[in-house]
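>
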Amino acid sequence: MTSPPPVGLARGLTQYGDADFSLYLRRTFAKQAGWSTEMLQRPVVGIAQSASGFNPCHRNSPELVEAIKRGVIAAGGLPLDFPTISLGESFLSPTSMKYRNLMSIDIEEMVRAQPMDAVVLLGGCDKSVPAQLMGAASADVPAVQLVVGPMLPMPYQGERLGACTDCRRFWGRYRAGQISAAGIEQVEGQLAVTAGTCGVMGTASTMAAIAETLGMSLPGTAAIPAVHADRLRAAEASGRQAVALALRPIRPSQIITPEAVDNALRVLLAIGGSTNALIHLTAIAGRRGIPVSLQRLNALSDSTPVLVDLKPTGQHYMSDLFAAGGMGAVLRELAPLLHLDCMTVTGETLGQRLAAADAAGGDMAGKAPWVDRAVVRPLDAPVTPQGGLVALFGTLAPNGAILKRSAADPALFERTGRAVVFTSLADLAARIDSPDLDVTPDDFLVLQNAGPTSDAAMPEAGYLPIPAKLAQAGVKDMVRISDARMSGTAYGTVVLHVSPEAAAGGPLGLVRHGDRIRLSVQQRRLDLLVDEAELAARRAALPPPPAVPPRGYQRLYQTQTLQAEHGCDFDFLRAAPLRPDTP
Ligand code: FES
110 MTSPPPVGLA
120 RGLTQYGDAD
130 FSLYLRRTFA
140 KQAGWSTEML
150 QRPVVGIAQS
160 ASGFNPCHRN
170 SPELVEAIKR
180 GVIAAGGLPL
190 DFPTISLGES
200 FLSPTSMKYR
210 NLMSIDIEEM
220 VRAQPMDAVV
230 LLGGCDKSVP
240 AQLMGAASAD
250 VPAVQLVVGP
260 MLPMPYQGER
270 LGACTDCRRF
280 WGRYRAGQIS
290 AAGIEQVEGQ
300 LAVTAGTCGV
310 MGTASTMAAI
320 AETLGMSLPG
330 TAAIPAVHAD
340 RLRAAEASGR
350 QAVALALRPI
360 RPSQIITPEA
370 VDNALRVLLA
380 IGGSTNALIH
390 LTAIAGRRGI
400 PVSLQRLNAL
410 SDSTPVLVDL
420 KPTGQHYMSD
430 LFAAGGMGAV
440 LRELAPLLHL
450 DCMTVTGETL
460 GQRLAAADAA
470 GGDMAGKAPW
480 VDRAVVRPLD
490 APVTPQGGLV
500 ALFGTLAPNG
510 AILKRSAADP
520 ALFERTGRAV
530 VFTSLADLAA
540 RIDSPDLDVT
550 PDDFLVLQNA
560 GPTSDAAMPE
570 AGYLPIPAKL
580 AQAGVKDMVR
590 ISDARMSGTA
600 YGTVVLHVSP
610 EAAAGGPLGL
620 VRHGDRIRLS
630 VQQRRLDLLV
640 DEAELAARRA
650 ALPPPPAVPP
660 RGYQRLYQTQ
670 TLQAEHGCDF
680 DFLRAAPLRP
690 DTP
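Numbering of the sequence shown is given in this note's numbering, commencing with residue 110 and proceeding in unit increments.
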């Protein structure tokens, strides 16, 4: 008869060549923290927390950690929090994206190396939740995702302001000369005023919604504002649930399945979610060997209506979604399109979870919970009949590119334009506002060398500014094409993630000023109208690629990062069956 696997502090002992000594020594140092013998015999719940002075979005983390601990102790567990890398979106250079995979390694290895039976992952700011889910998916220790929650918008001169769609809106007005320097400074102080993540359907909110859809978070928790008391109750409940998972493990591998990923793709489309989230979901799924193809995205996009009316594509904020019924309202509406038999961290299937919410929230007449239909539309009267994202393919993007059509101007969807090319971010910054720039509103702005393995490390620079002289003339949108990403809070007719990227030898790097490019959203095409002989000549004239960095994380990043269609994960971190050649 085999003995049961060790639990709690007896898991994964430090190697001294004497297991009993290892456990004795571990308890000795655990007692140094003041825990009683009784507490040290409990199952251990780790709390991966990412508070940092460089991450104001996470400034409510300490009180959430305390609430998680309360839940763990109440349910009979021992809570032990530990710090991890924290990714504050606007504090990292060149981009937080460059460090997402590093944080995922931190999570995976610390969850695996430290003795915990389950873990609560506490994060929120853009890349944190993807990194945590990637790490948890690889470590495959029972895990509950808890997000710090979205910020509240703030009234300002008769309207509401919230990061960061309004950041861009006001900056655009400032660039167009409609707001003074003093005015924009005043706005700067009102855009992000509470703890929490950007309060629109940006990347953080999208990833929170995806975590809940995947079944990795407790139901109804994605949209609770960071400063709402329900957020603390969600933390306590997450701690309790982690103890339940410690006693009866349900692992990420049982939750993050092909069907659950399909559900998450549906939801990404239905909420008008961030383009970044597609990269992150692909990376998370890749950790479990699950492919996410852009062809599948297009198939789902055609049959998934946009139901949620949130900025940047709509009118409302995350706090409105919370008040409107939260992600439960969205998921119940989408239920006919979802795989309802997917397992979740509560031990219920998605279908059971939604049915339970119906029963709990229904009135005496047995009606479904109240939903504000201005924010969450019914399936038969959606915001738009088709999904928010669409993948494009063609001679300019052989492996794909992404357009957030829900945030774009349909008048620009079927056209051929002249390329106005910027060869780098530095070139863009130097020339975009030049009065001498040769550009018209009908041109296509093209940015090269801003992809995953470029020096820029795929920044959120795909939302190229409208050249100053056009902005001042009232031009609000133009076709913009790059291998970069775009903030989930941005909007415009912006083609992103062109693959292969210019720095990897993709055709995007061969575009020259004055070339013709054809965009057809209807046909899902993006083509460079230059003949092959000319492209071959240009390719032969390209300078040699820059030297690979000699050491450290820079070298690892440069040599291992995959293209956007593979989630920009490191090659060696993906699950074995899926290598870079996976479609
Ligand atoms: Fe942290 Fe937007 S800056 S979520």
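Using N, Cα and C, we set each Cβ at its ideal position, and we do this for glycine too. Given the structure is predicted, the values throughout are model-derived calculations rather than measurements.
Ordered along the chain, which non-local residues of its own chain (more than five positions away) have a Cβ less than 7 Å from that of residue 284?
Short of 7 Å from the beta carbon of residue 284, and not among the five residues preceding or following it, lie these beta carbons of its own chain, in chain order: 574, 577, 580.
> Grouping DSSP H, G and I as helix and E and B as strand, with all else coil, what is residue 395?
Looking at residue 395 - three-state DSSP - the assignment turns out to be helix.
> Beta carbon of residue 431, beta carbon of residue 333: below 7 Å?
yes
> Report the residue from 178, 514, 501 whose alpha carbon sits nearest the alpha carbon of residue 494.
514
> Taking only heavy atoms of ligand 1 into account, decide whether any of them is closer than 6 Å to the Cβ of residue 306.
Flag set: Cβ of residue 306 near ligand 1.
> Roughly how many whole angstroms lie between the Cα atoms of residue 444 and residue 413?
11 Å
> Let me make sure I understand the geometry here. Which of 438, 217, 520 has the alpha-carbon closest to that of residue 587?
Checking every option, the nearest Cα to that of residue 587 belongs to 520.
> Kindly list the residues whose CB is nearer than 7 Å to the CB of residue 619, restricted to its own chain and excluding five residues on each side of it in sequence; keep chain order.
644, 647, 648
> CB residue 227 to CB residue 351, shorter than 7 Å?
yes
> Excluding the five sequence neighbours on either side, which residues of its own chain have a C-beta within less than 7 Å of the C-beta of residue 662, listed in chain order?
211
> Helix or strand or just coil, what does DSSP make of residue 622?
coil
> Residue 164 by DSSP, collapsed to three states: which one?
coil
> Any chance the CB of residue 313 is under 6 Å from a heavy atom of ligand 1?
yes
> Excluding five sequence neighbours on each side, which residues of the same chain lie with their C-beta closer than 6 Å to the C-beta of residue 693?
Because the chain is modelled from 110 through 692, residue 693 falls outside the range shown and cannot be assessed.
> How many angstroms separate the CA atom of residue 340 from the CA atom of residue 321?
14 Å
> Would DSSP call residue 150 helix, strand or coil?
coil
> Determine the contact status of residue 605 and residue 594, defining contact as a CB-CB distance below 7 Å.
yes
> Considering just the uninterrupted stretch of the alpha helix (DSSP H) at residue 295, what are its terminal residues?
290-297
> Using CA atoms only, rank isn't needed, just tell me which of 467, 218, 674, 624 is closest to residue 249.
218
> Would you check if the distance between the CB atom of residue 337 and the CB atom of residue 257 is smaller than 7 Å?
no
> To the nearest angstrom, report how far apart residue 669 and residue 372 are at their CA atoms.
Between the alpha carbons of residue 669 and residue 372 lies a gap of roughly 29 Å.
> Compare the Cα-Cα distances from residue 306 to each of 276, 349, 277, 234 and report the closest residue.
234
> Mapping DSSP to helix, strand and coil, what is residue 493?
strand
> Do you know offhand how far residue 134's Cα is from residue 113's?
22 Å
> Let me know the secondary structure DSSP gives residue 133 once reduced to three states.
helix
> May I ask you to report which of helix, strand or coil DSSP gives residue 332?
coil
> Between residue 123 and residue 665, what straight-line distance do the alpha-carbon atoms span, to the nearest angstrom?
28 Å
> If you reduce the DSSP assignment to three classes, tell me which class residue 156 lands in.
Three-state DSSP puts residue 156 in a strand.
> Who are residue 525's beta bridge partners in DSSP?
627
> Hey, could you find the ends of the beta strand (DSSP E) residue 254 is sitting in?
252-256
> Can the beta-carbon of residue 236 be found less than 7 Å from the beta-carbon of residue 195?
no
> Going along the chain, which residues of its own chain have a beta-carbon closer than 7 Å to the beta-carbon of residue 633, five neighbours each way excluded?
407, 499, 500, 501, 502
> Is it true that the stretch 410-426 meets the stretch 291-306, where meeting means three or more beta-carbon pairs spaced less than 8 Å apart?
The stretch 410-426 is not in contact with the stretch 291-306.
> Can you tell me where the alpha helix (DSSP H) with residue 343 in it begins and where it stops?
338-356
> Could you check what DSSP says for residue 372 in three-state terms: helix, strand or coil?
helix
> Grouping DSSP H, G and I as helix and E and B as strand, with all else coil, what is residue 480?
In the three-state reduction of the DSSP assignment, residue 480 falls in the coil class.
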